[in-house]
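Trainee:
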Amino acid sequence: KIKEEIFRIDERIKEKPVTNYIGYKVNWYNFVSIHVSKRQLKIEVRKNKLEKDKKKRFIKYPSSYGYGKTPVWRAYITKEDDLDYMLPIIKESYEAAPDK
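Take 581 as the starting number for the sequence shown in our numbering and just add one per residue.
(1) Grab me the residues of Lys640's own chain with a C-beta within less than 7 Å of its C-beta, minus the 5 sequence neighbours each way, in chain order.
(2) Whole angstroms is fine: what's the gap from Ile657's alpha carbon to Lys671's?
(3) What residue range does the beta strand (DSSP E) around Ala682 cover?
(4) From Glu584 to His615, what distance separates their C-alpha atoms?
(5) For Lys680, which three-state DSSP category applies?
(6) Suppose contacts are defined by Cβ-Cβ distances below 9 Å. Is Ser673 in contact with Val606 by that definition?
(7) Taking C-beta to C-beta, are Lys636 and Ile669 nearer than 9 Å?
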């Protein structure tokens, strides 16, 4: 379901699966990455500041992790209800992507 919702944001979005995650981008900039495991999905978004994360569920990776200039934030989906909260934040990350 999350894949369908991401593709609804923009018809130009491409999915790029790699070994550890599935990335979604328009051109070269992954605005969201999804790590799949048995019990949960780890969602990573890229943006300087998350305006729509009112419940503060996303945690910012330390800059020492070396993800580049734009901070990376992570949160987990453990049940389908979490998806409704995450989608506006994924869209916020998409809207901030520099390659649209």
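Each residue gets a CB set at the ideal place from its N, CA and C atoms; glycine is no exception.
Mentor: Taking the structure as given:
(1) Numbered from 1 along the sequence shown, position 60 holds the residue referred to as residue 640. For Lys640, where only same-chain residues beyond five positions count, the Cβ hits under 7 Å are Pro651 and Trp653.
(2) For the purposes of this step, residue 657 is identified with residue 77 of the sequence shown, where counting begins at 1. For the purposes of this step, residue 671 is identified with residue 91 of the sequence shown, where counting begins at 1. In a straight line, the C-alpha of Ile657 is about 16 Å away from that of Lys671.
(3) This structure gives no information on residue 682, because the portion of the chain shown stretches from 581 to 680.
(4) Against the sequence shown, residue 584 aligns to sequence position 4. Against the sequence shown, residue 615 aligns to sequence position 35. The alpha-carbon atoms of Glu584 and His615 are separated by roughly 16 Å.
(5) By one-based count along the sequence shown, residue 680 stands at place 100. Lys680 falls in the coil class under three-state DSSP.
(6) Position 93 of the sequence shown holds residue 673. Position 26 of the sequence shown holds residue 606. Not a contact, by the Cβ cut-off of 9 Å.
(7) Here residue 636 is taken as the residue at index 56 of the sequence shown, counted from 1. Here residue 669 is taken as the residue at index 89 of the sequence shown, counted from 1. The answer is no: Cβ separation not under 9 Å.
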